[in-house]
Amino acid sequence: MNNSDPYDLFVIGGGINGCGIARDAVGRGFSVMLAEKDDLASGTSSSSTKLIHGGLRYLEHYEFRLVREALMEREVLWRMAPHIIWPMRFILPHQKGLRPAWFLRLGLFLYDHLGGRKLLPPTRVLDLKADAAGTPLKPGFSKAFEYSDCWVNDARLVALNARDAADRGAEIRTRTKVVETRRDADAWSISLEDGLTGQAETVRARLLINAAGPWVDSVLRSAAGENDARNVRLVQGSHIVIKRKFEDARAFFFQNRDERIIFAIPYEGDFTLIGTTDRDFNEDLDAAEISDDEISYLCSAASEYFAEPVTRDDVVWTYSGVRPLYDDGASAAQEATRDYVLVEEGGADEGLLINIFGGKITTYRRLAEAVIEKVERRLGKRKAGWTANSSLPGGDFAANDFQRLLSGLKERFRFLTDTHAHRLMRLYGTRAEAILGSAGRYEDLGTCFGSDLYAAEVDYLVENEWAVTAEDILWRRTKRGLHMSEEQISELSAYLRTSKTEKLKAG
Ligand SMILES: Cc1cc2nc3c(=O)[nH]c(=O)nc-3n(C[C@H](O)[C@H](O)[C@H](O)COP(=O)(O)OP(=O)(O)OC[C@H]3O[C@@H](n4cnc5c(N)ncnc54)[C@H](O)[C@@H]3O)c2cc1C
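Put into structure tokens, the structure is as follows:
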């Protein structure tokens, strides 16, 4: 591409939607640039409950279109990235006085049959007095339903979409904020600011996609001059992480007395993830964090079910995200639609702007296809849709082949501990070997920063996945932050600062 040629598409935001759109578009022959003001997935896309799910609860709100599309996506995404996505069974205990058993059974019947389920096993009824799932629960629970959904490493799904988009020719810039956008005749001028060097730059694009998630309105207000943009309902959701509360590999789906639900999910081997909350959010988007009330709410909701209560002292980590839901006027935060809405602005001879509201991690690929349809209407069709049968970096193996690949990795790198080999395979799939190279012993992987995080992995993440800070590595590309001390984190930060300086010196 000539330097003065405008890009076909400019995408604002490196969350799942922005990266998914960039990947799909570049694979169809459009030239693409994406700017993310912070790190990839630093917004909502690393703070989800991490489920690729139809959304059983949305059936109660009659969101059949969304649920069906999301259910169909479960196996499509699992096939695309079987290292970071895998099936999970959920136990939904029947609780007297809440939703009746026939209602749960009906909902799960629909869930099993609305579409797309080929490999995932169907729902079954459990006797909690006899099944191991009942062990950590209070003795009063006797009946439960067990159903299927999938688990996803959300932050890695974003990074892998960005990696694949870049491999196919997209320009991906992180730490690059869009500060202003201007329509010039039939294209856009987009002013960027590099968050690391402060350097300003202007690029041009024929189409602009606003995938700024919870910042979508603020981008419209600050960068596009639409002073009264108020399209999203910002709804905060927080999670707590506690030491492992139960041995079972299955997750729990608990109904609360306020008609909401929470999940308790096996997490990172040694932990249990509990969430989420739903509350309207009007504070600083760059500083969303869990409130004391939310911690109490999650502890007491989980303690309704677990025989051993969950207390504040059990909490080892928390995180909080803000859902950018389309404001459909629903009265309660938990009732606002989770479906996505695409809004176009611009006449036939003007640069088109597409704003994205709402959406789920689960439906990001379909959302990207819907955006590309609009792009094609403006720029013409170049290549057919392709992502449904593609694989993400490291995910080029059959969905049920994970164990075989893991055994192969252990065979080739005999010095790896079982947990380390498993972790590398889960994060990097077939690309784990690119990190391990020709190593024949731990010393060959460079400095160990703590836990099983070695320089070889850190360097790989800096070179291939836009990691810059210790936080990028410890809380988004990996979750090693759960296992490392402040001192170890400082050592990693110092290492990253030095490698950055060396890189700058090398030009
Ligand atoms: C608590 C919670 C639980 C959830 N659980 C699930 C779940 O289990 N399953 C599921 O499918 N979905 C779930 N979701 C929904 C899902 O996480 C979101 O819909 C999705 O992550 C939104 O992605 P996004 O790309 O639109 O936004 P984001 O991930 O927020 O990305 C937007 C990006 O734009 C960047 N940006 C903003 N302004 C600028 C600018 N001026 N210049 C450059 N970049 C900019 C931001 O830094 C940000 O990284 C959950 C959401 C929450 C909050």
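In UniProt numbering, the protein residues as written are 1 to 507. Glycine included, C-beta positions come from ideal geometry on N, C-alpha and C. Since the model is a prediction, treat every value here as computed from it, not as a measurement.
Within the chosen definition, does the stretch 17-32 reach the stretch 446-458 through at least 3 CB pairs nearer than 8 Å? Here the stretch 17-32 does not lie against the stretch 446-458, with fewer than 3 beta-carbon pairs under 8 Å apart.
Sorry if obvious, but does the Cβ on Thr-337 come closer than 7 Å to a heavy atom of ligand 1?
-> On the sequence shown, position 337 is the one that residue 337 refers to. With a cutoff of 7 Å, Thr-337 does not count as near ligand 1, since its C-beta is closer than that to no heavy atom of the ligand.
What did DSSP end up calling Phe-402 once you bin it into helix, strand or coil?
-> The count along the sequence shown starts at 1 and reaches residue 402 at position 402. Correct three-state label for Phe-402: helix.
>> ligand 1 and Arg-323: does any heavy atom of the ligand fall closer than 7 Å to the residue's C-beta?
In response: Within the sequence shown, the letter at position 323 stands for residue 323. Because some heavy atom of ligand 1 lies under 7 Å away, the Cβ of Arg-323 counts as near it: yes.
For Gly-18, report the span of its alpha helix (DSSP H) as first-last. Along the sequence shown, one-based indexing puts residue 18 at 18. Per DSSP, the unbroken alpha helix (DSSP H) holding Gly-18 starts and ends at 16-27.
inquiry  = Would Leu-285 and Trp-215 be called neighbours here (beta carbons separated by less than 8 Å)?
reply    = Working through the sequence shown from its first residue, we reach residue 285 at position 285. Working through the sequence shown from its first residue, we reach residue 215 at position 215. Yes, the Cβ-Cβ distance between Leu-285 and Trp-215 is below 8 Å.
- Sequence-distant residues of the same chain with beta carbon closer than 8 Å to Asp-280, five excluded per side: Position 280 of the sequence shown holds residue 280. Closer than 8 Å at the Cβ level, and outside the excluded window around Asp-280, lie Arg-233, Leu-234, Val-235, Gln-236 and Ala-333.
- prompt: Taking the alpha carbon of Gly-440 as the point to measure from, which residue in Met-425, Glu-411 and Tyr-326 has its own alpha carbon closest?
  reply: Here residue 440 is taken as the residue at index 440 of the sequence shown, counted from 1. It is Glu-411 whose Cα lies nearest to the Cα of Gly-440.
Met-484 in three-state terms, based on DSSP:
The residue labelled residue 484 in the question sits at position 484 within the sequence shown. The answer is coil: DSSP assigns Met-484 none of H, G, I, E or B.
(message) Considering only the alpha carbon of each residue, which of Gly-134, Arg-244, Gly-169 and Ala-264 lies closest to Met-33?
(response) For this step, residue 33 is matched to residue 33 along the sequence shown. Closest by alpha carbon: Gly-169.
Should Asn-153 be counted as a contact of ligand 1 given a C-beta to heavy atom distance under 7 Å?
Translated into the one-based positions of the sequence shown, residue 153 becomes position 153. Checking the Cβ of Asn-153 against ligand 1 gives no.
(Q) So, for Ile-21: in the same chain, excluding its five sequence neighbours on each side, which residues have a beta-carbon less than 7 Å away from its beta-carbon? (A) Numbered from its first residue, the sequence shown carries residue 21 at position 21. Only Val-11, Ile-209, Ala-211, Ala-368 and Val-371 meet the Cβ criterion.
TODO: Measure the beta-carbon distance from Met-88 to Cys-150 and round it to whole angstroms, keeping in mind my assumption that it falls under 8 Å.
DONE: By 1-based counting over the sequence shown, the position of residue 88 is 88. By 1-based counting over the sequence shown, the position of residue 150 is 150. Correct: roughly 6 Å between the Cβ atoms.
*Please state whether DSSP places residue 534 in a helix, a strand or coil.*
Because residue 534 is not part of the residues shown, which for the chain are 1 to 507, the question remains open.
Q) Is the beta carbon of Lys-37 sitting closer than 8 Å to the one on Thr-123? A) Within the sequence shown, the letter at position 37 stands for residue 37. Within the sequence shown, the letter at position 123 stands for residue 123. Going by C-beta atoms, Lys-37 is not nearer than 8 Å to Thr-123.
Considering only DSSP beta bridges, list what residue 516 is partnered with. One cannot answer for residue 516 here, as it falls past the ends of the chain, which runs 1 to 507.
Reduced DSSP category for Val-468 - H, G, I as helix; E, B as strand; rest coil
Here residue 468 refers to the residue found at position 468 when the sequence shown is read from its first residue. In the structure shown, Val-468 sits in coil (DSSP, three-state: anything other than H, G, I, E or B).
message = Assuming Pro-82 and Ala-399 are in contact, meaning their beta carbons sit under 8 Å apart, how far apart are those beta carbons, in whole angstroms?
response = As a working mapping, residue 82 is identified with position 82 in the sequence shown. As a working mapping, residue 399 is identified with position 399 in the sequence shown. Indeed, because the Cβ distance is near 5 Å, the residues count as touching under 8 Å.
(request) Please list the segments of the alpha helix (DSSP H) lying wholly inside the stretch 169-245, counting only runs of 4 or more residues, in order along the chain. (result) 216-222
**Prompt:** Regarding Ala-398 and ligand 1, is the C-beta to nearest heavy atom distance less than 7 Å?
**Reply:** Locating residue 398 in the sequence shown gives position 398, counting from the first residue. No, the Cβ of Ala-398 stays beyond 7 Å of every heavy atom of ligand 1.
Point to revise | Completely contained alpha helix (DSSP H) runs for the stretch 79-120, where each covers 4 or more residues | key: 101-113
Simplified DSSP state of Phe-415, which is helix, strand or coil:
Within the sequence shown, residue 415 is the residue found at index 415, counting from 1. DSSP places Phe-415 in coil when its eight states are reduced to three.
Q.
Classify Val-125: buried if its beta carbon has 16 or more other beta carbons within 10 angstroms, exposed otherwise.
A. What you label residue 125 is simply residue 125 of the sequence shown in a count that begins at 1. Val-125 comes out exposed.
Taking 8 Å as the threshold, find out whether the stretch 104-117 comes into contact with the stretch 50-64 through three or more Cβ pairs.
-> yes
Looking only at its chain, what residues have a beta carbon closer than 6 Å to the beta carbon of Ile-290, apart from the 5 residues adjacent to it on each side? Here residue 290 refers to the residue found at position 290 of the sequence shown. Answer for Ile-290: Ser-238, Thr-318 and Ser-320, listed in chain order.
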